[in-house]
């Protein structure tokens, strides 16, 4: 049985990924400091013999004494409210945390997947964005702790590819919604749902010409599995 480490595994997407991996008969190590994740998301997995939860920070020292086959690095606050409330933790999870997970992947000769973000494009001047687009970014704006640290994480990944020939995947996640998302995370879908439930008009900022790429959680998990 192959062993998988999922950082941020008690979060919205991480917990669904853990579900899928358990279904596929992997041994899953779930690492989360629960700053934005919740043990409620993985409660149903805790009695599974192939699932282990470790409450710890991805930036700390991790001694698993296990051979890892895959590492899925999802640890980081991801909603604007969360990463603006935890800017230092966000920057460190995506910089130091990514570095430590990459070193762990090298040590174990494990395949590594980085969960990056559409935020690396900043305030794009190109629509839709190609993967080769460098973006229109701001290193000191209110969202920079997230998008700049994700850009740095991608840079680290490419460094490890060239230096260690590490087997790596990067996915740039856009707006994802579904069960276990936080109702107060400040993103469009949750805000629309809350307003609809309260019988209030849906709030559209600006002229309503904005575009968003919405993806249902199970479609994203399917995509991660294929990657």
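In our numbering, the protein residues as written are 244 to 470. Where is the CB? At the ideal position from N, CA and C, for every residue including glycine. Remember, predicted model here, so these are calculated numbers, not experimental data.
When you compare only the Cα positions, how much space is there between residue i and residue j?
i, j, result
"residue 428", "residue 329", "13 Å"
"residue 369", "residue 378", "8 Å"
"residue 355", "residue 344", "8 Å"
"residue 410", "residue 365", "27 Å"
"residue 260", "residue 305", "21 Å"
"residue 253", "residue 382", "29 Å"
"residue 375", "residue 346", "26 Å"
"residue 453", "residue 446", "13 Å"
"residue 384", "residue 244", "45 Å"
"residue 475", "residue 449", "Since the first residue shown for the chain is 244 and the last is 470, residue 475 is missing from the structure and cannot be characterised."
If you follow the beta strand (DSSP E) that residue i is part of, which residue opens it and which one closes it?
i, result
"residue 294", "294–298"
"residue 420", "418–420"
"residue 272", "270–275"
"residue 316", "313–316"
Cutting at 7 Å between CB atoms, please list the residues of its own chain near residue i, excluding the five before and the five after it.
i, result
"residue 307", "272"
"residue 424", "255, 433"
Go ahead and label residue i buried or exposed: buried means 16 or more other beta carbons lie within 10 angstroms of its beta carbon, across all protein chains shown.
i, result
"residue 363", "buried"
"residue 353", "buried"
"residue 334", "buried"
"residue 321", "buried"
Taking the alpha-carbon of residue i as reference, which of the options has the nearest alpha-carbon?
i, options, result
"residue 314", "438, 452, 246", "246"
"residue 280", "454, 249, 381", "249"
"residue 290", "309, 299, 270", "270"
"residue 372", "455, 340, 284", "455"
"residue 442", "449, 448, 434", "434"
"residue 311", "342, 448, 341, 349", "349"
"residue 262", "469, 464, 470", "464"
"residue 288", "331, 302, 358, 268", "268"
"residue 332", "284, 300, 398", "300"
"residue 398", "326, 448, 341", "341"
The alpha helix (DSSP H) that contains residue i, what's its start and end?
i, result
"residue 432", "431–440"
"residue 356", "First-last for residue 356: 354–360, but that is the beta strand (DSSP E), not the alpha helix (DSSP H)."
"residue 250", "Element bounds for residue 250: not the alpha helix (DSSP H) but the beta strand (DSSP E), 246–250."
"residue 460", "460–469"
"residue 329", "Per DSSP, residue 329 belongs to no alpha helix (DSSP H) and is neither H nor E."
"residue 278", "Note, residue 278: premise wrong, no alpha helix (DSSP H); not H, not E."
"residue 404", "387–407"
"residue 348", "339–351"
Can you give me the Cβ contacts of residue i inside the same chain, cut-off strictly under 6 Å, excluding the 5 residues immediately before and after it?
i, result
"residue 297", "274"
"residue 361", "415, 417"
"residue 337", "319, 392, 393, 396"
"residue 404", "411"
"residue 457", "418"
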